[in-house]
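K.L.:
Pasting a structure here, questions to come.
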Amino acid sequence: MGLLKDTYPLYLNNKAAQPNTDLAVTDKFTGEVAFRTALATPDVIEQAIAGAVRAAKPMARLASFEKQGVLDHCVARFKERFDELAYALCVEAGKPIKDAEGEVTRLVDTFRIASEEATRIYGEVQPLDISPRARGYMGMWRRVPIGPCSFISPFNFPLNLAAHKIAPAIAMGCPFVMKPASLTPLGAIIMGEVLAECDVLPEGAFSILPAHRDGADLFTTDERLKLLSFTGSPGVGWDLKARAGKKKVVLELGGNAAVIVDKDADLDHALERIVFGAFYQSGQSCIGVQRILIHDSIYNRFKDMLVARTKTLVAGDPKDRDTFIGPMISEQEATRLKSWIDRAVDAGATLLCGGERMGNMLEATLLEGVQEDCEANREEAFGPLANLQPFSDWDAALAQVNDSKFGLQAGVFTRDIHQVLGAWDTLDVGGIVVNDVPSYRVDSMPYGGVKDSGLGREGIRFAMEDMSEIRNLVIRRV
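Residue numbers (my numbering): 128 to 605.
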């Protein structure tokens, strides 16, 4: 389509820099090198952090309307570059083009929400005269930027999950350094290109630095950085927290999300949403549907519906608008998940459909009867795999959802408000979605998990709270 260039720079202290073209990024469907980008060395990362430190005070002094203007500029430019951004996602992430267009739409929404929130950074007046000793005192507090931030974003939503760090940082007035996933750096680089058009941002306000993990320790360990926000795998995330020192840490990690389908659910609606939630962008979502609990009175009927619908999903070239299942991010990941499927079957599970692999293409797969200790049930699949389980008692089903080291989101399909409120009280997850899949997210809502699924919440306003500190003021009237 001619929408991509052969080489791309990194962005160091607001400016494009091309010290090398050492990072080759492949088209995830063809396996061929699609483009090359500059790769940040530790020296470049050091320069970026030093620039962010210098930019902290001028960033904090930006007026609300100036920050809003930057974000509005991004919204306008992302709309103008919509097709380019979607195609970049399709190539570097292997994301089916319709999913890629959906992510660009969410990118625009995320920056638009941040633009609105940039003018809503409120504080509070607090009465202090709670006893005679405090007569004549009054207090008030406001939020101030926390300072230079470090962001590490993942490969599966290279645009919107980077946006959920970048946009609130600008709205709050925090300079940042970002390491996009080296498998999918282009979305963040294009965001850097757009931000570089904004002269109001002080030098050092942002750096976008593709880097290999083994050369990027400064993103985690440098004490000049006041916050680390990481989205990615639990193993990496908890290790980063252990090495982050005194800085605040926000982690958005993995899951093996469950959905419960009660006997009164609208099955046609549940069918379409669950198939989508399990297999959109080849299942590579931390809130993708992995465990499907179905009331035993409708189990066989709904199982047959799920298998039949799953078999209709079109797999192939993500650039084809009919494609629903594209490639996984790498052959290594597809091989891993195929081995999990095989081990589950060897342990007694039934393969209902799918299960075959060719390169990094893995068929949409449904299993039933997966043993509790199998990876397909206990770990995060992060690919096109879901397993079915019957239940007879609602409270037991809630307990089964909770029987996981993860706790990101869960979905419940029911018409019973008492069941809904019981789920809200009981499920040990960051969010419960009623009559839809756990994969559903609106970009303004508080989003994050508990247990091994992470710490803190994304969603613009909530991310801005993490990127700020409360500064109190006490006044004595004399």
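Note that beta-carbon positions come from the ideal geometry of N, C-alpha and C, so glycine has one too. Please read these numbers as outputs of a predicted model, since none were measured by experiment.
Does DSSP put T477 in a helix, in a strand, or in coil?
P.N.:
strand
K.L.:
Whole alpha helix (DSSP H) runs in the stretch 246-289 with 4 or more residues, listed along the chain?
P.N.:
none
K.L.:
Considering only residues of the stretch 575-601, which uninterrupted beta strand (DSSP E) runs meet the minimum length of 3 residues and lie entirely inside it, listed in chain order?
P.N.:
none
K.L.:
In chain order, which continuous runs of the beta strand (DSSP E) of length 3 or greater are located wholly inside the stretch 404-485?
P.N.:
As far as the stretch 404-485 is concerned, its whole beta strand (DSSP E) runs of at least 3 residues are 418-422 and 477-480.
K.L.:
Since E507 and G382 are thought to touch, with beta carbons under 8 Å apart, how far apart are those beta carbons, to the nearest angstrom?
P.N.:
6 Å
K.L.:
Between which two residues does the beta strand (DSSP E) harbouring P517 extend?
P.N.:
L512 to F518
K.L.:
With a CB to CB cut of under 6 Å and the five nearest residues on each side skipped, what residues in its chain are close to G583?
P.N.:
V377, G575 and D593
K.L.:
Given a cut-off of 8 Å, decide if P565 and I116 are closer than it, judged by their beta-carbon atoms.
P.N.:
Because the chain spans 128 through 605 in this model, residue 116 falls outside it and cannot be assessed.
K.L.:
If we count the other Cβ atoms within 10 Å of its Cβ and call it buried at 16 or more, is N599 buried or exposed?
P.N.:
exposed
K.L.:
Measuring CA to CA, which of E244, M267 and S242 is closest to E606?
P.N.:
Since the first residue of the chain shown is 128 and the last is 605, residue 606 is not available in this structure.
K.L.:
Rounded to the nearest angstrom, what separates L255 and R604 at their Cα positions?
P.N.:
12 Å
K.L.:
Considering only the alpha carbon of each residue, which of E490, R505, T462 and N147 lies closest to T439?
P.N.:
E490
K.L.:
Buried or exposed for H396, going by 16 or more other Cβ atoms inside 10 Å?
P.N.:
exposed
K.L.:
Look up E495 in the DSSP assignment and say whether it is helix, strand or coil.
P.N.:
strand
K.L.:
Rounded to the nearest angstrom, how far is the Cβ of F333 from that of Y138, given a contact under 8 Å?
P.N.:
About 7 Å separates the beta carbons of F333 and Y138, which is inside the 8 Å limit, making them a contact pair.
K.L.:
Can you name the residues that DSSP bridges to F162?
P.N.:
Looking at the DSSP assignment, F162 forms a beta bridge with V152.
K.L.:
Restricting to runs no shorter than 3 residues, where is the beta strand (DSSP E) found entirely within the stretch 307-378?
P.N.:
333-335 and 354-358
K.L.:
Tell me, please, which residues DSSP counts as bridged to M305.
P.N.:
F278 and I335
K.L.:
Out of N140, P285, A241 and T462, which one is the CA nearest neighbour of D570?
P.N.:
Across the set N140, P285, A241 and T462, the C-alpha of A241 shows the shortest separation from the C-alpha of D570.
K.L.:
Grouping DSSP H, G and I as helix and E and B as strand, with all else coil, what is R603?
P.N.:
strand
K.L.:
Grab me the residues of V218's own chain with a C-beta within less than 7 Å of its C-beta, minus the 5 sequence neighbours each way, in chain order.
P.N.:
L131, D154 and A161
K.L.:
Please report the residue range of the alpha helix (DSSP H) in which L212 lies.
P.N.:
F209 to A220
K.L.:
Report the residue from I335, E330 and P329 whose alpha carbon sits nearest the alpha carbon of E320.
P.N.:
Of I335, E330 and P329, the smallest CA-CA separation from E320 is found for I335.
K.L.:
Go ahead and pull the three-state DSSP assignment for V547.
P.N.:
helix
K.L.:
Just list the residues that DSSP pairs K194 with in beta bridges.
P.N.:
K194 is not bridged to any residue.
K.L.:
Using three-state DSSP, classify T134 as helix, strand or coil.
P.N.:
strand
K.L.:
DSSP three-state label for V386, please.
P.N.:
Secondary structure at V386: strand, using DSSP grouped into helix, strand and coil.
K.L.:
Are the stretch 308-325 and the stretch 270-289 in contact at 8 Å, needing three or more beta carbon pairs?
P.N.:
yes
K.L.:
Let me know the secondary structure DSSP gives M128 once reduced to three states.
P.N.:
Here the model assigns M128 a pLDDT of 47, short of 50, so the residue's position is not dependable, and the following value carries that caveat. Under the three-state reduction of DSSP output, M128 falls in the coil class, being neither helix nor strand.
K.L.:
Check whether the Cβ atoms of R436 and N514 lie closer than 8 Å to each other.
P.N.:
no
K.L.:
Look up V539 in the DSSP assignment and give the residues it is bridged to.
P.N.:
I387 and V561
K.L.:
So if DSSP puts L139 in a beta bridge, which residue, or which two residues, is it bridged to?
P.N.:
K142
K.L.:
Within the chosen definition, does the stretch 521-535 reach the stretch 467-487 through at least 3 CB pairs nearer than 8 Å?
P.N.:
no
K.L.:
Is it true that the stretch 284-291 meets the stretch 175-182, where meeting means three or more beta-carbon pairs spaced less than 8 Å apart?
P.N.:
By the criterion of at least three beta-carbon pairs nearer than 8 Å, the stretch 284-291 is not in contact with the stretch 175-182.
K.L.:
Considering Cα atoms alone, identify which of E207, V231 and G221 is closest to A213.
P.N.:
V231
K.L.:
Indicate the three-state DSSP secondary structure (helix, strand or coil) for L234 in the structure shown.
P.N.:
Here L234 sits in helix by DSSP.
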